[in-house]
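**Student:** Per this note's numbering, the very first residue in the sequence shown carries number 3; after that it's consecutive. Cβ coordinates follow ideal geometry from the N, Cα and C atoms, glycine included.
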Amino acid sequence: MVGQVPNVVFPSGMIVEEYDADGFTLSGSEVPLYYGAADTSVCLATTTINQLIEAC
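#1: Under the three-state reduction of DSSP, which class applies to Leu54: helix, strand or coil?
#2: Is the separation between the beta-carbon of Ser31 and that of Thr48 shorter than 8 Å?
#3: Mind checking which residues open and close the beta strand (DSSP E) that includes Phe12?
Put into structure tokens, the structure is as follows:
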């Protein structure tokens, strides 16, 4: 919550391991999402493709 830019999360990478035959991710796939925290740490959150789309 506190840093050079307060109340902002900077995602730095995510990994999707489940794909269909055409190479598209499955909507229920679990996604580990790495992000910077308060300019001092890297954290990990897990979500799904569906939850990411709903949040947008």
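**Tutor:** Well, looking at it:
#1: Locating residue 54 in the sequence shown gives position 52, where the first residue counts as 1. Note: Leu54 maps to helix in three-state DSSP.
#2: For the purposes of this step, residue 31 is taken as the residue at position 29 of the sequence shown. For the purposes of this step, residue 48 is taken as the residue at position 46 of the sequence shown. The answer is no: Cβ separation not under 8 Å.
#3: In the sequence shown, counting from the first residue as 1, residue 12 sits at position 10. Where Phe12 is concerned, the enclosing beta strand (DSSP E) starts and stops at 12-16.
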